[in-house]
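Q: Numbered continuously in the numbering used here, the sequence shown closes out at residue 788.
Pasting a structure here, questions to come.
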Amino acid sequence: MLMVQNLSVRFGGRALYEGISFSVRPRERVGLAGRNGAGKSTLLRVIMGMQKADEGQVVIPQDYTLGYLAQDIEDMKGHSVREEAAKAFDELRALEKRLAHIQHQLETRTDYESDGYMELVEHLGIVTEKLNWMGAASAEGELERVLKGLGFRQTDLDRPVEEFSGGWQMRIELAKILLCKPDLILLDEPTNHLDIESIQWVEGFLTQHPGAVIVISHDRAFLDNVTSRTIEISAGKLQDYKAPYSKYLELRAERQQTLINAKKNQDREIEQAERLITRFKAKSTKASMAQSLQKKLDRVKRIELDEGESGAIRFRFPPAPRSGLAVVRAEGLRKDYGEKKVLRGLDMLVERGDKVAFVGRNGEGKSTLSKMIVGATGVTAGELEIGTNVQIGYYAQDQADKLDGELTVFDTLDKIATGDMRTRVRTLLGCFLFSGEDVEKKVKVLSGGERSRLALAKLLLEPINLLVLDEPTNHLDLVSKGVLKEAIEQYDGTAILVSHDRDFLGGLTDRVYEFTGGNIEETIGDIYAYLEKKNIETMREFEEGKGSNSAVAGSGKSADVSTGKALRSGAALPGKAQKNNSGKPVAKAAPVLSHADWFEAKKKAEKNEKKVRRSLEQLEKQIGKLESAIGAVEDQLKDPDFFSKADPQIFTDYEKHKAELESAMAEWEAAGEKLDAAIAERDRLHGMRPAE
């Protein structure tokens with residue numbers, strides 16, 4: 097069992113924590129919570145012995161092993177992926193040598209009754225048990241299982257590690273830790289470089305891990321699925337909650353309210369005592385009583401409220417200038433990097449006001465398509481058309497790293513601000529938690545989260561109507577992520593989001609594009625609709641094709657998950673009637689269409705649906721105006737004097753409005769039926785795939 101006792105760590109006179117203590121029992125799953133800069137990563141480094149504490153100690157049992165994944169790792173080189181990952185077995189190989197040495201000693205020695213011989217026998221049992229626990233017999237198979245679970249293909253395993261990006265090298269480092277099966281795994285933001293499927297796989301692995309886990313993560317869904325206990329570091333203090341993250345938030349809110357109430361009572365009592373002390377001091381006969389009250393007041397332990405989450409970013413995207421209806425249109429789009437074919441004949445239409453998510457395994461082309469849309473990389477073949485009056489705001493994965501480190505925070509924005517924004521730079525920076533001396537800091541000394549906030553702030557300097565955000569939440573804490581999500585929800589432009597964060601994407605998008613095999617597959621709804629459509633419990637079930645072939649219960653969607661594709665014909669599965677999102681039956685599909693005909697039909701159906709919706713909205717506005725006009729006259733009719741002074745034209749208009757209202761109501765009812773039919777046709781075509 098790990099024990100942290102009376103730990104204090106200080107930086108430049110500021111205490112990160114003072115006298116904190118906690119323990120971690122075997123198989124416990126602990127999440128570390130707290131704002132950026134609270135000291136979570138520092139605590140992991142202290143536990144690892146990589147950083148010294150000012151006071152207190154970390155007690156680690158003998159032979160207790162630790163595995164640590166930091167946010168940043170050194171570049172790997174000189175080995176294949178398989179060879180680098182196999183370094184995890186260095187301890188295992190050393191144990192095997194130790195076992196062979198012990199066995200040789202037992203075979204050659206004859207002092208069977210001696211203490212030394214009995215110690216060797218005891219040590220043999222310990223080493224054998226340790227080897228069995230580490231899975232020595234199945235090490236090579238386990239190595240491939242872990243690497244594939246983290247997204248590597250069989251063909252990747254013998255490639256040099258230098259060929260892989262920093263994110264993929266981070267996966268190799270994580271694989272080494274998981275393969276070591278330490279008594280305690282310490283993970284600092286393990287999901288930052290993983291796709292959704294790999295995150296699900298890691299969740300399953302950690303759930304089965306026989307040791308303990310301490311994890312820092314800004315992925316709320318990951319924390320909820322992995323941890324059962326949350327330790328919060330706030331204002332140098334530690335609070336321990338026996339609950340996963342979401343439940344911790346509820347318990348924390350209850351605790352905060354209790355503290356607020358207690359502080360109000362205490363403040364009232366202190367104020368009353370101070371009044372008595374002031375009054376008694378003025379009277380010589382009560383001076384001793386005043387001194388007694390003052391001593392009692394000095395001994396009172398004042399209740400201090402936690403810093404809370406008041407320091408969250410606060411911003412809204414500026415109103416989006418109106419663009420054309422078609423914002424991004426791709427047809428037969430292809431992108432190659434030398435011999436590597438990333439995108440193959442991709443078709444996609446993003447219209448004004450859409451909010452879509454790009455998901456899928458890393459390396460499938462999500463970021464590549466984002467770069468093509470913003471003009472950061474070219475098109476190999478096919479068409480990619482950006483609509484009329486589309487003004488793009490782009491946040492790349494490495495956007496924060498591209499900032500000029502020699503500029504100050506203020507100069508970074510002031511350099512590109514124009515017009516009225518020149519006078520509002522400090523106000524804008526304040527919205528992103530840069531105030532006072534912070535605005536004069538050089539960018540190179542900022543943390544990853546601070547640089548990410550500054551890069552996001554740059555997006556607000558000019559009006560934009562297409563947001564393209566590639567992993568915008570990687571370095572934001574959970575509170576700031578929530579504020580960013582709310583800002584995107586209220587944004588009236590078009591948004592394309594590349595993210596693996598399920599909680600962030602949940603409820604945020606109306607369409608999900610999964611990138612797979614060089615193409616995309618569309619799911620109507622948010623990320624959870626997509627995951628439900630996949631109908632998988634874990635990454636492993638998806639890889640083995642164990643998803644159900646029947647319609648997903650309650651989802652209103654049918655999918656052939658074993659092939660990873662929607663049913664080509666769009667016809668219902670045996671015994672199941674297909675339904676659209678409104679629960680209405682979908683008409684029987686026509687024969688399989690050619691790729692061009694299918695794309696044109698889908699585009700036409702989507703256009704027709706939007707046209708009918710606009711017509712319905714116009715009728716509803718017209719009906720509202722007519723009802724208001726009729727209501728105004730009827731209110732006047734209640735006044736007996738109205739008839740004697742009313743203009744006869746009022747009554748003519750009144751009857752005319754009533755007739756127009758009746759006609760508009762009939763049109764509205766007919767338009768509603770047209771909308772139902774349009775939705776059914778759209779869903780039918782979305783459920784199809786063209787002939788290949």
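Just so you know, even glycine gets a beta-carbon here, dropped at the ideal spot from N, CA and C.
Computed from a predicted model, the values in this text were never measured in an experiment.
1) Among the candidates Glu-730, Lys-770, Tyr-491 and Ile-775, whose CA atom is the shortest distance from the CA of His-753?
2) Can you tell me whether Lys-244 is buried or exposed? The criterion is at least 16 other CB atoms within 10 Å of its CB, across all chains shown.
3) Buried or exposed, going by whether 16 or more other CB atoms sit within 10 Å of the CB of Pro-278?
4) Pairing CB atoms from the stretch 534-541 with CB atoms from the stretch 271-288, are three or more of them under 8 Å?
5) Do Ala-303 and Ile-295 have their C-beta atoms within less than 8 Å of each other?
6) Which word fits Gly-471, buried or exposed, when buried means at least 16 other C-beta atoms lie within 10 angstroms of its C-beta?
7) Below 8 Å on the Cβ atoms is my guess for Gly-262 versus Arg-457; work out the distance and round it to an integer in Å.
8) What does DSSP give as the partner residue(s) for Ile-620 in the beta ladder?
9) Consult DSSP for Thr-138 and reduce its assignment to one of helix, strand or coil.
10) Measuring CB atoms only, is the stretch 545-558 touching the stretch 440-460, in the sense that at least three cross pairs come out at less than 8 Å?
11) Pick helix, strand or coil for Pro-744, following the three-state DSSP scheme.
12) Looking at the structure shown, is Met-144 part of a helix, part of a strand, or coil, going by DSSP?
13) Who does Asn-615 pair with in a DSSP beta bridge?
14) Sorted by chain position, which residues of the same chain lie with C-beta nearer than 8 Å to Met-214's C-beta, five sequence neighbours on each side aside?
15) Just to confirm before moving on: does the CB-CB distance between Val-126 and Arg-325 stay below 8 Å?
16) Provide the residue(s) that pair with Gly-127 in DSSP beta bridges, ordered along the chain.
17) Straight-line CA distance for Leu-290 to Lys-462?
18) Rounded to whole angstroms, what's the CA-CA distance from Ile-482 to Arg-316? Just pull it up for me.
19) If distances are taken between C-alpha atoms only, which option among Glu-558, Leu-509 and Lys-391 comes closest to Ile-488?
20) Look at the Cβ atom of Glu-617, then the Cβ atom of Glu-610, and state whether they are nearer than 8 Å.
21) Give the secondary structure of Leu-524 by DSSP, where H, G and I count as helix, E and B as strand, and everything else as coil.
22) What residue from Ile-312, Asp-168 and His-197 has the CA that sits closest to Arg-267's CA?
23) Report the CB separation of Arg-448 from Leu-480 in whole angstroms; it is logged as a contact under 8 Å.
24) Please report the straight-line C-alpha distance between Ala-386 and Thr-374, rounded to a whole angstrom.
25) Run through the stretch 472-520 for me and flag every whole alpha helix (DSSP H) of 4 or more residues, listed as ranges in chain order.
26) Do the stretch 117-136 and the stretch 333-344 make contact, defined as three or more Cβ pairs closer than 8 Å?
27) Please report how far the alpha carbon of Asp-186 lies from the alpha carbon of Glu-114, in whole angstroms.
28) Please check the pair Phe-411 and Leu-593, which I expect to be a contact at CB under 8 Å, by giving their CB distance rounded to whole angstroms.
29) Using the Cα positions of Gln-745 and Ala-755, report the straight-line distance between them to the nearest angstrom.
30) For the alpha helix (DSSP H) holding Ile-356, just list the boundary residues, first then last.
31) Go through its chain and collect everything with a Cβ distance to Leu-227's Cβ below 8 Å, but skip five positions before and after it.
32) Exposed or buried, which one is Thr-519 when buried takes at least 16 other CB atoms within 10 Å?
33) Among residues of its own chain, excluding the 5 on either side of Ala-492, which ones have a beta-carbon nearer than 6 Å to its beta-carbon?
34) Using the three-state DSSP reduction, which class does Gly-602 fall into: helix, strand or coil?
35) If you run the structure through DSSP and keep just helix, strand and coil, what is Lys-437?
36) Going by DSSP in three states, Asn-704 sits in which element: helix, strand or coil?
A: Result, derived from the coordinates:
1) Glu-730
2) Under this definition Lys-244 is a buried residue.
3) Under this definition Pro-278 is a buried residue.
4) no
5) In the sequence on display, residue 303 carries Thr and not Ala. No, the pair does not count as a contact, with Cβ atoms beyond the cut-off.
6) exposed
7) Not confirmed; about 17 Å, so no contact.
8) Arg-607
9) helix
10) Flag = no, the stretch 545-558 and the stretch 440-460 do not touch.
11) Note: Pro-744 maps to helix in three-state DSSP.
12) helix
13) Thr-612
14) none
15) For Val-126 and Arg-325, yes; Cβs fall inside 8 Å.
16) Val-311 and Thr-326
17) Between Leu-290 and Lys-462, the C-alpha separation is close to 13 Å.
18) 35 Å
19) Comparing Cα positions, the closest option is Glu-558.
20) yes
21) helix
22) Asp-168
23) About 17 Å separates the beta carbons of Arg-448 and Leu-480, which is beyond the 8 Å limit, so they are not a contact pair.
24) 8 Å
25) 505-510
26) yes
27) 38 Å
28) Contact doesn't hold; Cβ gap of about 17 Å is too wide.
29) 16 Å
30) 341-377
31) Leu-188, Leu-191, Glu-192 and Leu-195
32) By the 10 Å Cβ count, Thr-519 comes out exposed.
33) Asp-566
34) For Gly-602, the three-state secondary structure derived from DSSP is coil.
35) strand
36) In the three-state reduction of the DSSP assignment, Asn-704 falls in the helix class.
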